[in-house]
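Trainee: Please see the structure below; I have some questions.
Residue numbers (the numbering used here): 35 to 395.
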């Protein structure tokens, strides 16, 4: 690396000015050696020159890697890192001498990086503010959905029930069918709103992940779907001694309950569901499997079913809102895990969730 070398005499006039000094500043040795106005040439700003000279005096001319901004002959400014070596290597006739390195490119890169960091911080702050505003709007929308949309549904259900109770004996078969259709649609809409609210809360909720006993999680999920198990005549086999995972227990219970409900629902009519819950260890992770004897899923549709409102069958064939598996994927994603399915048409399915084991804490 080329090094600048200069030296001053007792009158503070330059007596040494090498080629690297000439290259960096543009001033030749003939233009600066023995000149009394050299400081005014290199530091034409009187305020900066005064500050630099004061700092120089304070340091007692003993300094290392001190960066100065030197004004060159063409008016450009270069940053030079100077080190005064007079105290270490005194030279007869040289009151002060030192070496310098042109670090302009480095300092400019640092300033550019600092400017980019400042810009990035500004954009992050703006984006955070936008996200907070969006989150507030989403909360307001959720409140509106929960109250404003559900209220008329309850009115529909209430009036339909009153009509059935008070005037049912006066209605013919067609009117009874219409009335039942109104009630069923209102219930379906209310269920859809509930699922949408659950999905919305899941995307925003703060989750504290901690060691969670899968035995307790599966037991609670099994209890939640017990009416569905009884109605379908299903059998559910649960492997003993399930391990502990790092998760948010309430969310994981909801995820497992949704997988069980899905397995209980999508079976060939007339065939009792058979479900097996088991696990496998994969290095520092636990894979929980929910196997069923259901209708199966074609490979080309296995990614779609985890999206909101994605349904492969009409609601008249298999009831539901198309949000249950979306909740599964979003919940597992929020818990730093993954979810998926392996299946073939007519051969059942294996839904799996992969979570960190308790030993990863």
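C-beta atoms are modelled at their ideal positions from N, C-alpha and C, and glycine is treated no differently.
Since we're looking at a predicted model, the values are computed, not measured.
Which whole-angstrom value describes the C-beta separation of residue 122 and residue 133, a residue pair presumed to lie in contact below a C-beta threshold of 8 Å?
Mentor: To locate residue 122, count along the chain shown from 1; it is residue 88. To locate residue 133, count along the chain shown from 1; it is residue 99. At roughly 11 Å, the Cβ-Cβ gap does not stay under 8 Å, so residue 122 and residue 133 are not in contact.
Trainee: What span of residues does the alpha helix (DSSP H) with residue 45 cover, start to end?
Mentor: Stepping through the chain shown from its first residue, residue 45 is reached at position 11. Looking at the DSSP string, residue 45 is not in any alpha helix (DSSP H), and its letter there is neither H nor E.
Trainee: Within 10 angstroms of the Cβ of residue 292, are there 16 or more other Cβ atoms? Answer buried if so, exposed if not.
Mentor: For the purposes of this step, residue 292 is taken as the residue at position 258 of the chain shown. Flag for residue 292 reads buried.
Trainee: Let me make sure I understand the geometry here. Which of 305, 290, 199 has the alpha-carbon closest to that of residue 436?
Mentor: Residue 436 falls outside the range modelled here, since the chain spans only 35 to 395, and no answer is possible.
Trainee: What are the start and end residues of each continuous beta strand (DSSP E) run of 3 or more residues lying completely inside the region 88-160, in chain order?
Mentor: Taking only runs of at least 3 residues, the beta strand (DSSP E) segments lying wholly in the region 88-160 are 100-105, 111-118, 130-136.
Trainee: How many whole angstroms separate the CB atoms of residue 305 and residue 390, which I take to be in contact at a CB cut-off of 8 Å?
Mentor: Position 271 of the chain shown, counting from 1, holds the residue named residue 305. Position 356 of the chain shown, counting from 1, holds the residue named residue 390. Their Cβ separation, rounded to whole angstroms, is 36 Å, which puts residue 305 and residue 390 out of contact at 8 Å.
Trainee: Examine the ligand COA and report whether any of its heavy atoms sits within less than 7 Å of the Cβ of residue 391.
Mentor: In terms of ligand content, the structure shown is empty, and the ligand COA therefore cannot be addressed.
Trainee: Starting from residue 248 and walking both ways along the alpha helix (DSSP H), at which residues does that stretch end?
Mentor: Sequence index remark: in the chain shown, residue 248 carries index 214 (1-based). That run of the alpha helix (DSSP H) goes 248-258.
Trainee: Could you tell me how far apart the beta carbons of residue 37 and residue 48 are, in whole angstroms, since I believe they sit closer than 8 Å?
Mentor: Here residue 37 corresponds to residue number 3 of the chain shown, with the count starting at 1. Here residue 48 corresponds to residue number 14 of the chain shown, with the count starting at 1. Contact flag wrong, Cβ pair sits at about 16 Å.
Trainee: State the Cα-Cα distance for the pair residue 329 and residue 378, rounded to the nearest angstrom.
Mentor: By 1-based counting over the chain shown, the position of residue 329 is 295. By 1-based counting over the chain shown, the position of residue 378 is 344. Straight-line Cα distance between these residues: approximately 8 Å.
Trainee: Helix, strand or coil, according to DSSP, for residue 218 in the structure here?
Mentor: Taking the first residue of the chain shown as 1, we reach residue 218 at position 184. DSSP places residue 218 in helix when its eight states are reduced to three.
Trainee: Looking at C-beta atoms only, is the number of pairs between the region 219-237 and the region 252-264 that lie closer than 8 Å three or more?
Mentor: At 8 Å Cβ cutoff, the stretches do not touch.
Trainee: For the alpha helix (DSSP H) containing residue 184, name the first residue and the last one.
Mentor: The count along the chain shown starts at 1 and reaches residue 184 at position 150. Element bounds for residue 184: 184-201.
Trainee: Among 369, 80, 183, 192, which one has its Cα closest to the Cα of residue 242?
Mentor: Looking up residue 242 in the chain shown gives position 208. When each option's Cα is compared against that of residue 242, the closest is 369.
Trainee: So what's residue 341 in DSSP terms, helix, strand or just coil?
Mentor: By one-based count along the chain shown, residue 341 stands at place 307. Coil.
Trainee: Tell me the DSSP bridge mates of residue 279?
Mentor: Here residue 279 refers to the residue found at position 245 of the chain shown. Paired residues: 246, 391.
Trainee: Should residue 339 go down as buried or exposed, given a rule of 16 or more other Cβ atoms within 10 Å for buried?
Mentor: Here residue 339 corresponds to residue number 305 of the chain shown, with the count starting at 1. Classification for residue 339: buried.
Trainee: Please report how far the alpha carbon of residue 116 lies from the alpha carbon of residue 128, in whole angstroms.
Mentor: To locate residue 116, count along the chain shown from 1; it is residue 82. To locate residue 128, count along the chain shown from 1; it is residue 94. For residue 116 and residue 128, the distance between alpha carbons rounds to 16 Å.
Trainee: How is residue 300 classed by DSSP in three states: helix, strand or coil?
Mentor: As a first step, residue 300 must be located in the chain shown, where it is residue number 266. Note: residue 300 maps to coil in three-state DSSP.
Trainee: With 16 other CB atoms within 10 Å as the buried threshold, where does residue 211 fall?
Mentor: Taking the first residue of the chain shown as position 1, residue 211 is located at position 177. So residue 211 ends up on the exposed side.
Trainee: By alpha-carbon positions, which one of 341, 295, 332 ends up nearest to residue 324?
Mentor: Residue numbering aside, residue 324 sits at position 290 when the chain shown is read from its first letter. Here the closest residue by C-alpha is 295.
Trainee: What three-state label does DSSP hand residue 320 in the structure shown?
Mentor: Here residue 320 is taken as the residue at index 286 of the chain shown, counted from 1. In this structure, residue 320 counts as strand in the three-state DSSP scheme.
Trainee: In the DSSP output, what is residue 315 paired with across the bridge?
Mentor: Numbered from 1 along the chain shown, position 281 holds the residue referred to as residue 315. Residue 315 is bridged to 320.
Trainee: With DSSP collapsed to three states, give me the class of residue 62.
Mentor: For the purposes of this step, residue 62 is taken as the residue at position 28 of the chain shown. Coil.
Trainee: My output table needs one value for residue 381: the three-state DSSP class, helix, strand or coil.
Mentor: Here residue 381 refers to the residue found at position 347 when the chain shown is read from its first residue. In the structure shown, residue 381 sits in coil (DSSP, three-state: anything other than H, G, I, E or B).
Trainee: Roughly how many whole angstroms lie between the Cα atoms of residue 358 and residue 247?
Mentor: As a position in the chain shown, residue 358 is number 324, starting the count at 1. As a position in the chain shown, residue 247 is number 213, starting the count at 1. One C-alpha to the other measures close to 23 Å.
Trainee: Pull up the DSSP beta-bridge partners for residue 309, would you.
Mentor: Indexing the chain shown from 1 puts residue 309 at position 275. 270, per the DSSP bridge assignment.
Trainee: To the nearest angstrom, report how far apart residue 170 and residue 381 are at their CA atoms.
Mentor: Locating residue 170 in the chain shown gives position 136, counting from the first residue. Locating residue 381 in the chain shown gives position 347, counting from the first residue. Straight-line Cα distance between these residues: approximately 45 Å.
Trainee: In three-state terms, what does DSSP make of residue 291?
Mentor: Residue numbering aside, residue 291 sits at position 257 when the chain shown is read from its first letter. DSSP places residue 291 in helix when its eight states are reduced to three.
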